[in-house]
Every structure is written in C-alpha cells, then in structure tokens.
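This note's numbering puts the first residue of the sequence shown at 45, with every later residue one more than the last.
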Amino acid sequence: MNHKKRLALGSVMSIIGAAGMILGPVFGATDLTGPWSFITGFLTGLTGGIGVALALSGLIDSRKSR
C-alpha cells in the first residue's frame with residue numbers, strides 16, 4: 045500500500061473511531077447488556093488507534109519520498 049492510500053485509509057478510520065467515541069455514549073453504546081458494551085468500545089478504540097497509526101505512517105512515508 046503506498047503512502048497516499050495509507051494516509052487516506054488512516055484518516056477515514058480515525059474519523060470513524062473518533063465519531064464512535066463521541067457518539068457512542070450519546071446513543072447508549074455503554075448501556076448495552078452483556079459483553080456488547082465492551083466489544084463496541086474495544087472495536088471503536090481499535091479502529092481509531094489503527095487509523096491514527098496508518099495516517100502517521102502515510103505522512104512519514106510521504107515526507108521520506110520527497
């Protein structure tokens with residue numbers, strides 16, 4: 045995956061993760077029964093974290109290629 049695709053995918057994933065972290069408690073994702081609240085929180089954090097890592101990796105690679 046080249047740096048432009050990595051930067052684009054990372055940006056989208058980090059936005060989705062941030063939106064989930066902000067809107068999750070508003071829509072009641074923390075009040076789910078059983079392990080579902082943990083699973084939704086874990087997946088939201090994982091999406092945001094991987095997105096930030098991909099975006100930073102894309103930025104670093106784009107800087108190196110210049």
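Yeah, the Cβ is synthetic: ideal placement off N, Cα and C, and Gly gets one too.
- Between L90 and R50 a beta carbon distance of about 17 Å is seen, past the 8 Å cut, so the two are scored as non-contacting.
- Collapsing the DSSP output to three states places G64 in a helix.
- Looking only at R107, I83 and S101, the smallest Cα-Cα distance to M45 is reached by S101.
- The straight-line gap separating the alpha-carbon atoms of A73 and I94 is approximately 21 Å.
- For T74, no alpha helix (DSSP H) encloses it, and the DSSP letter there is neither H nor E.
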